[in-house]
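**Q** The numbering used here puts the first residue of the sequence shown at 25, with every later residue one more than the last.
Note that CB positions come from ideal geometry on N, CA and C, so glycine has one too.
The model shown is predicted, which means the values in this text are computed figures rather than measured ones.
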Amino acid sequence: MLQKVAVIGAGPSGLTSTKACLDEGLEPTCFESSNDIGGLWRSKEKPEPGRANIYKSVVINSSKEMMSFSDFPPPADLPNNMHHSEILLYLRLYTQTFNLLQHIHFQTTVVSVRQRPNFEVTGQWEVETESREGQRERHVFDAVMVCTGHFTQPHLPLRDFPGIETFQGKYFHSWDYRSAEGLEGKRVVVIGIGNSGGDIAVEISRVAEKVYLSTRSGAWVVGRVGPGGLPADLVGSSRMDALIRKIFPSWTNRRLEKRLNQALDHKLYGLKPNHGFFAQIPVVNDDLPARIISGRVVVKPNVREFCGSSVVFVDDTIDKVDVVVFATGYNYSFPFLPSALQAKCGYRLQLYKHVFPPALTCPTLAVVGFIHGFGAINPLAEMQARWATRVFKGLIALPTSKNMMAEIEKDTRTMHQKFACSERNPLQVDYIPYLDSLAEEVGVRPNILWLFFKDPTLALQLFLGPSTPYQYRLTGPGKWAGARRAILTQWDRVFQPFRTRVVSEPKPETRFSSNLSIMILSGAVLLCCVFYNKHHLCSCFSAPSFLRSLQETMG
25 MLQKVAVIGA GPSGLTSTKA CLDEGLEPTC FESSNDIGGL WRSKEKPEPG RANIYKSVVI
85 NSSKEMMSFS DFPPPADLPN NMHHSEILLY LRLYTQTFNL LQHIHFQTTV VSVRQRPNFE
145 VTGQWEVETE SREGQRERHV FDAVMVCTGH FTQPHLPLRD FPGIETFQGK YFHSWDYRSA
205 EGLEGKRVVV IGIGNSGGDI AVEISRVAEK VYLSTRSGAW VVGRVGPGGL PADLVGSSRM
265 DALIRKIFPS WTNRRLEKRL NQALDHKLYG LKPNHGFFAQ IPVVNDDLPA RIISGRVVVK
325 PNVREFCGSS VVFVDDTIDK VDVVVFATGY NYSFPFLPSA LQAKCGYRLQ LYKHVFPPAL
385 TCPTLAVVGF IHGFGAINPL AEMQARWATR VFKGLIALPT SKNMMAEIEK DTRTMHQKFA
445 CSERNPLQVD YIPYLDSLAE EVGVRPNILW LFFKDPTLAL QLFLGPSTPY QYRLTGPGKW
505 AGARRAILTQ WDRVFQPFRT RVVSEPKPET RFSSNLSIMI LSGAVLLCCV FYNKHHLCSC
565 FSAPSFLRSL QETMG
């Protein structure tokens, strides 16, 4: 008998959850309160309460290869860091390719999710929905996947800013921001230096008289453009890099911060935070340093109070402003869920591996996509969905409630030690280790040591290249025949958007190129030996098949 699964939300997490259900032979029904797919990435002319909103100029921070779904590489012609309209195009292509649209009920809001009276036996849920016309209906499902995101409830902490109630200008949350239209010639203070705060400050500074960017704690600032003009998140995101960070965490952090400060002295610019680089997701902004050095954006400390039409900062400086933009983050809540399922551990929700509530006698409810890490959410949400659907089917057993709680508490302590968690930033995970832990459960974690014997060309790409999602389709449940090719051609898709004017260059000397390749690969081999079984790996590298492949790789 097919298990019926309710999927709440048709954003990226909801779409990949719907597909995961289909892949496992389940029967999904996706409820979407708006009239279209896309969630956060569907731009709206007017913000709609209870739904995510983005401004017109939003460009994604993650490059297309890193944010793609594992069996759906992005079209080569799409830019590496896509505008929100292009992300929506990618999601439409994904939806069409896997025939997801027929499973989505639009303009249908989930108002209640409750356990059925015989839940301990059946694990079933009663889901109450409301149509656009206000008609309510109750449905019975065998499982529920919550994919509503966490950018829907703006956090507007007015009580922390005395005098705001008598402020003579205008103030609003970044959720309400669409563009700089109407702010020409104004003096604006943006409170908060997350990614939205940085983007909005930069954009407004092009038309405003003056923009102040107020930050309480500072932030590390990185660009989308990395070495050689390549997408920055493709550099330093390999398994080898993750291994080095694990073995030498302090050294890696100091080295990276030193390199960042060589390009942009964070202390000089008033941006330097108290936390280390890897403790919190950085601000991704290519233009902010240029706006600061030109005086168009002025970095200021936290706001103490407002007096009439002036803002008073904690350093006692006073400036006249016309507009205040609160880029102060979002509150997260799931009002349709029972309160017992919204218990917290620290700042985070009490969820086993950030997916399953441990108190349920039957693991038939999963939260998908409520996650943060140094990388795109799409691959994280997809892996969560693949794991959850196999748990629903009984193919994977969860630990006891007691053991899950113990792991949640241990994980929370570790997380608070490593990361700068708060109410606005309730959780963060180590990207590759988290993906690997779920992939291990599903049975799709790539065996790189074995691949060094079987397919050394692919193994080198997996170990030295960017850790793209396609690697989780090489084997196991959901194996995709195109995964190997997707990995070996990912750089072609990265380079394609740049080929708008081909510049011919003289061919480099083969000898120099060959020697450089040998030096790089030798270093990689040494690091491999640290991580894997040294004796067997060395034997692997003496195998004729590897040598032939190595010659092919080096041309």
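#1: Could you tell me how far apart the beta carbons of Ser220 and Ala351 are, in whole angstroms, since I believe they sit closer than 8 Å?
#2: Within its chain, find whatever has a CB closer than 7 Å to the CB of Arg328; leave out the 5 residues flanking it on each side and keep chain order.
#3: For Thr132 versus Ile61, is the C-beta distance shorter than 8 Å?
#4: Using a Cβ-Cβ cut-off of 6 Å (strictly less than) and excluding sequence neighbours within five positions of Gly147, which residues of its own chain qualify?
#5: Near Met429, what residues of its chain come up, given a Cβ to Cβ distance below 7 Å and the 5 sequence neighbours on each side ignored?
#6: Pick out whichever of Leu112, Gly300, Ser94 has its Cα sitting closest to the Cα of Leu498.
#7: Run the CB neighbour count on Ser41, radius 10 Å, all protein chains shown included, and call it buried at 16 or more, exposed below.
#8: Suppose the cutoff is 6 Å on Cβ atoms and the five residues either side in sequence are ignored; what does the same chain contact list for Phe536 look like?
#9: Helix, strand or coil for Asp289? Go by DSSP, reduced to three states.
#10: Starting from the N-terminal side, write out each stretch of the beta strand (DSSP E) that is 3 residues or longer and does not extend beyond the stretch 337-374.
#11: Which one or two residues does DSSP pair with His129 in a beta bridge?
#12: Given 8 Å as the limit, is there contact between the stretch 240-248 and the stretch 282-293, that is, 3 or more CB pairs closer than that?
#13: Please determine, among Ala76, Pro71, Ile84, the residue with the shortest C-alpha to C-alpha distance to Val307.
#14: Run the proximity test for Asp101: is its beta-carbon closer than 7 Å to any non-hydrogen atom belonging to the ligand COA?
#15: In chain order, what residues of the same chain lie with their CB nearer than 7 Å to the CB of Phe174, ignoring the 5 residues before and after it?
#16: In chain order, what residues of the same chain lie with their CB nearer than 7 Å to the CB of Leu295, ignoring the 5 residues before and after it?
#17: Quick one: measure Cβ to Cβ for Ser238 and Asn298, integer angstroms, because I've assumed they're closer than 8 Å.
#18: Measuring straight from C-alpha to C-alpha, what distance separates Ser274 and Val453?
#19: Leaving out five residues on either side along the sequence, give the residues of the same chain with a beta carbon under 6 Å from the beta carbon of Cys54.
#20: What would DSSP say about Cys45, mapped onto helix, strand or coil?
#21: Between Lys503 and Val347, is the Cβ-Cβ spacing less than 8 Å?
#22: Here's the rule I'm using: 16 or more other beta-carbon atoms within 10 Å means buried, otherwise exposed. How should Thr413 be labelled?
#23: Whose CA, out of Arg315, Lys426, Lys28, Pro403, lies closest to the CA of Ser229?
#24: So, at 6 Å on beta carbons, what are the nonlocal neighbours of Leu361 in its own chain, with the 5 sequence-adjacent residues on each side left out?
**A** Answer, in terms of the structure:
#1: 5 Å
#2: Counting only Cβ-Cβ distances below 7 Å, and skipping sequence neighbours, we find Val336, Phe337, Val338.
#3: no
#4: These residues qualify, in order along the chain: Cys386, Thr388.
#5: The answer, listed in chain order, is Pro382.
#6: For the residues Leu112, Gly300, Ser94, the minimum Cα distance to Leu498 belongs to Ser94.
#7: buried
#8: Low confidence applies to Phe536: its pLDDT is 43, below 50, so where it sits in the model is not reliable enough to give any reading.
#9: coil
#10: 342-344, 347-350
#11: Phe55
#12: yes
#13: Ile84
#14: By its list of ligands, the structure shown contains no ligand whatsoever, and the ligand COA lies outside what it can speak to.
#15: According to the sequence as given, residue 174 is His; it is not Phe. Taken in chain order, the residues that qualify are Tyr354, Tyr356, Phe394.
#16: Answer for Leu295: Gly242, Ala243, Val245, Val323, listed in chain order.
#17: Not really, about 16 Å apart at Cβ, beyond 8 Å.
#18: 18 Å
#19: Val31, Ala34, Gly38, Thr42, His127, Ile128
#20: helix
#21: no
#22: buried
#23: Arg315
#24: Val137
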